[in-house]
Every structure is written in structure tokens, then in C-alpha cells.
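**Student:** Position 183, counted from 1, in the sequence shown is what this note's numbering calls 221; the numbers after and before it change by one each time, with no gaps.
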Amino acid sequence: MRGPETPALPDEAPRWTLYSARQRWGFLAILFLVSLSNYADRHVVSVLIEPIKTEFQVSDTAMGLLTGIAFAATYAILGIPVARLADRGDRRLVITASLAVWSVATIACGFAKSFPMLVLARLGVGVGEAGAIPPAQSLIVDYFPPDQRTRALAIFMSSASFGYLAAFVGGAAIAAAHGWRWAFIVLGLPGLLLCLLTWFGLAEPRRHAAIAVAATPQEPLKLALTLLAGKRSYVLTVVAMILYFMVAYGALTWIPAYLTRVLQVDLVRISIAYGAASMAAALVGTLLGGWVTDRIARRGNSALATVPGLTLLAVWPIYQAMLMVDDIALFLQLNFIGGLALGAAVPAMFSVIHLVCGSARRSMAVAVAFFFANLVGLGIGPVITGALSDAFTASFGPVGLRYALMVAMTMMLPAGLALCLAARSIESDAEA
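Structure (C-alpha cells):
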């Protein structure tokens with residue numbers, strides 16, 4: 039049922055006081071499922087790289103375009119106008135419509151009869167998913183009081199782990215049994231049913247605070263972007279996120295192909311071993327990161343950037359070691375440690391963004407960060423790794439993918455440095 043309507047509050051009343059604790063966590067559960075669907079539909083293509091490449095006879099560079107820029111271009115470009123709408127409009131409507139679009143587009147991927155048709159369908163997935171995460175984060179900030187936000191955001195972000203599990207375990211199992219097309223179809227269908235839950239189950243706080251919303255004119259887009267660009271900590275955090283995405287959603291997209299091609303692990307074993315281990319690492323890391331962030335912030339806001347920055351610097355040699363081993367058990371152990379660290383860094387980075395962006399531009403601040411992080415990190419990252427793989431493979435054979443991944447992983451070093459530098463200006467940039 040739709041969230042209960044409550045009488046409007048006075049203009050100065052915080053929006054989270056509209057809802058009971060039970061309602062807040064119920065809303066968060068729905069948004070969690072939306073994000074799970076988002077990540078499952080986004081990442082299932084990475085576990086299907088080898089069968090798709092075999093059927094359509096395309097290069098690693100072309101597959102990099104499919105997993106990266108074909109999705110990220112539309113996602114990034116549409117993210118800002120959708121966030122502009124979400125910052126003033128009905129975020130429940132934006133999320134529901136977006137969910138419907140990307141679910142239909144994911145199903146369409148399963149019906150693609152050629153590689154160009156598959157690319158077009160992936161563009162559609164990007165169109166839909168552009169309207170999911172920024173409005174959802176904006177709602178969470180409205181639903182929860184400040185001392186619970188990081189924890190709530192961490193729980194929300196942990197949905198990515200379950201999305202990966204659905205993509206890697208579910209997607210690979212379905213592909214192994216029925217072909218790669220059915221993996222897209224089966225993962226896309228639940229999103230259409232979830233649309234009913236988002237429309238009738240979520241509440242839009244602005245419906246209750248109509249007087250306050252109507253009394254506040256929308257901040258001009260140019261001014262909003264200028265204010266964000268003037269915050270050094272925000273800019274450096276976005277730079278870190280771009281580089282982070284080049285690893286987390288660029289290079290790591292190729293790990294299933296690496297396990298199949300270089301370590302000779304079959305698809306079903308990848309789905310069970312790597313998928314489950316990666317999900318567990320990301321889940322534990324994200325929740326642990328949210329818990330730690332809530333506590334380190336009490337010692338000063340600068341720690342919100344320093345701790346994840348040092349974490350990214352420390353995890354680089356772990357990933358290098360992971361790519362140098364041939365034993366699958368040791369590979370999975372090192373991958374778990376690396377995934378734990380990557381997951382723990384995420385809540386703190388978003389906490390920095392919400393701390394310094396200002397309440398009038400929360401969706402916009404997240405959308406701008408996603409614009410660059412997705413366009414460069416998610417969009418170009420897989421392409422760069424694929425191009426490096428083609429180049430190294432020409433000289434070294436299948437093991438060339440290993441060298442390509444080792445080069446791509448170095449992006450964690452400047453990412454960590456950018457966060458450490460951002461810490462220096464967080465206090466002066468902080469805004470309610």
C-alpha cells in the first residue's frame with residue numbers, strides 16, 4: 039500500500055519526523071530491492087561476455103563497448119536532467135518509471151538478433167537506470183535523521199552485493215542451462231512486478247511539505263553546478279569516484295572472462311565461487327564501511343575521506359598479487375580481501391558528497407558524480423581494459439588479459455590520493 043499521508047509539517051520541521059521508524063525501514067527495504075534489480079540487470083552482461091563474444095564473433099574492445107560505454111553514455115547523460123526533476127518533483131514517480139524502462143530494456147537484450155541490436159538494448163538499460171540511484175539516495179536522506187543516514191545509505195548500497203550475486207550466480211546458472219538470452223529475460227521480469235511496490239509502497243515527503251516546497255524557488259542549474267564545482271572536497275571526491283569506477287566497474291567486469299580464459303575455470307564454478315565470494319566481500323565491506331563511517335565522523339569530518347583514501351592505497355598490492363597467482367583458491371581469498379576494502383570505501387565517499395553538497399542539490403550532486411564516474415569509469419574503463427587485452431593478447435596470447443588487468447588496477451593509487459587531499463577542505467566545505 040502507498041505510504042500513509044500525514045498532515046503537512048511546519049516549514050522548519052525536518053522531513054524525517056513525518057515517519058515512524060517502522061515506516062522508514064519499510065521504505066528502505068523497497069529502495070533496496072530497486073537497487074538490487076538495478077545492479078543485477080546492469081552487471082549480468084559481464085558474466086555473459088564469453089558466450090556473447092562467441093556467438094557474435096566480436097573483439098574484446100567491442101565487448102568493452104557493450105559492457106561499458108553502451109550503458110554508461112545514456113546513463114551519464116540522462117542522469118543530470120533526471121536528477122534536476124527529482125530535486126523538485128515526485129521521486130517515487132521518477133523511480134517507478136525508470137524501473138519499468140530498464141526492466142523492459144533488459145528483457146529486450148535477450149531478444150537481440152545481432153550485436154548492434156544488443157548494443158541498442160543496453161543503451162535502453164542505461165536510459166532507465168539513470169533515474170534510480172540519485173533519487174533513491176535523496177529519499178533516504180529525507181527519510182532518516184542525520185545520525186542514521188550513513189548506516190541507511192550503507193544498507194542501501196549493500197544491495198549492489200545481492201545484485202552481483204543475482205547476476206553472477208543466477209545469470210551464469212541460467213545461461214549454462216538455457217543460453218545467455220534467457221539470463222537477460224529472467225533477470226528483467228521481476229523489475230516489472232517491483233514497479234507496483236515502488237508506486238504503492240513508497241512515500242514522497244514533499245507531498246506532506248507542499249508549502250515549504252512551493253515557497254522555495256528552484257536553484258538555477260548553472261548556480262547549482264557552480265557551487266558544487268567551487269567545493270574542493272566535492273571535486274576531489276568525484277575524481278576519486280571516477281578512478282574507483284574504472285576499477286570496480288571497469289577492470290573487475292573482466293574478471294569472469296579472466297577466470298574462464300586464463301585460469302580455465304568453467305562458467306558454473308565462476309557463478310558459485312567467484313560470484314558468492316564477491317557478493318559476501320562487498321556486502322560485509324559496505325555494511326562495515328557504514329558502521330565505521332558513523333563512528334569516525336565523530337572525530338572530525340576529514341576522516342570521512344582520509345580513511346577510504348588510505349584503504350584504496352593499501353588494497354592495490356593485494357589486487358596485483360591476486361592477478362599473479364594461478365591457484366583459484368588463493369585467487370578467491372585475495373579477491374575477498376580486495377572486495378572487502380572496495381566495499382568499505384563507498385559509504386564514506388557518498389557521505390562526503392551529502393555533507394558538502396547542500397540540501398537544495400542532493401540529487402544533483404549525486405547525479406553529477408555519477409555522470410563523470412559512469413561516463414569515464416564505467417563507460418571507458420571496460421573499453422580501456424578490453425583494448426589493452428587485445429594489445430597484450432596479440433603478443434602474449436590469452437594471458438594478455440592478466441597484464442591488461444594489472445595495468446588497469448593502478449587507478450586505485452590516484453583514487454586514494456585524491457581522497458586524502460579532499461580531507462583537507464571538508465570542514466570548510468561542509469553545508470547543511
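Each residue gets a CB set at the ideal place from its N, CA and C atoms; glycine is no exception.
On a CA-only basis, which of L156, G229, V437 and L372 is nearest S75? Give me that one, please.
**Tutor:** Cα-wise, what sits closest to S75 is G229.
**Student:** If you check the beta carbons only, do N339 and E257 fall under 8 Å apart?
**Tutor:** No, they are not a contact pair.
**Student:** How many angstroms separate the CA atom of L232 from the CA atom of F200?
**Tutor:** 16 Å
**Student:** Quick check: the region 335 to 351 against the region 432 to 443, are at least 3 beta-carbon pairs closer than 8 Å?
**Tutor:** No contact exists between the region 432 to 443 and the region 335 to 351.
**Student:** What does a CB cutoff of less than 6 Å around A159 pick up in its chain, not counting 5 residues either side in sequence?
**Tutor:** A143, A146, C147 and A150
**Student:** Quick one: complete alpha helix (DSSP H) runs, 4+ long, within the region 375 to 429?
**Tutor:** Runs of the alpha helix (DSSP H) inside the region 375 to 429: 400 to 410.
**Student:** Please report the residue range of the alpha helix (DSSP H) in which Y77 lies.
**Tutor:** Counting along the chain, the alpha helix (DSSP H) containing Y77 begins and ends at A59 to V85.
**Student:** Can you say whether D125 is buried or exposed, counting buried as having 16 or more other CB atoms within 10 angstroms of its CB?
**Tutor:** buried
**Student:** Which full runs of the alpha helix (DSSP H) of 4+ residues lie inside the region 272 to 343, going along the chain?
**Tutor:** 293 to 299 and 313 to 334
**Student:** Tell me whether A311 is buried or exposed, calling it buried when 16 or more other Cβ atoms sit within 10 Å of its Cβ.
**Tutor:** Around the beta carbon of A311, 16 or more other beta carbons sit within 10 angstroms, so the residue counts as buried.
**Student:** Can you have a look at Q95 and say buried or exposed, based on whether 16 or more other CB atoms are within 10 angstroms of its CB?
**Tutor:** exposed
**Student:** Beta-carbon separation of V179 and R189 under 8 Å?
**Tutor:** no
**Student:** Give the secondary structure of G454 by DSSP, where H, G and I count as helix, E and B as strand, and everything else as coil.
**Tutor:** helix
**Student:** Taking DSSP as the reference, what is the three-state secondary structure of A252?
**Tutor:** Note that A252 scores a pLDDT of 44, beneath 50, so its modelled location is shaky and nothing firm can be said.
**Student:** S73 to T264, Cα distance in whole Å?
**Tutor:** 30 Å
**Student:** Let me check understanding here. Comparing Cα to Cα, which of F408, H216, V345 and G424 lies closest to P119?
**Tutor:** F408
**Student:** Using a threshold of 8 Å, state whether the C-beta atoms of G166 and P420 are closer than that.
**Tutor:** Contact: no.
**Student:** I need the DSSP call for E167, collapsed to helix, strand or coil.
**Tutor:** helix
**Student:** Under DSSP, the alpha helix (DSSP H) around S141 begins and ends at which residues?
**Tutor:** R129 to C147
**Student:** Note the first and the last residue of the continuous alpha helix (DSSP H) segment covering A262.
**Tutor:** L259 to A267
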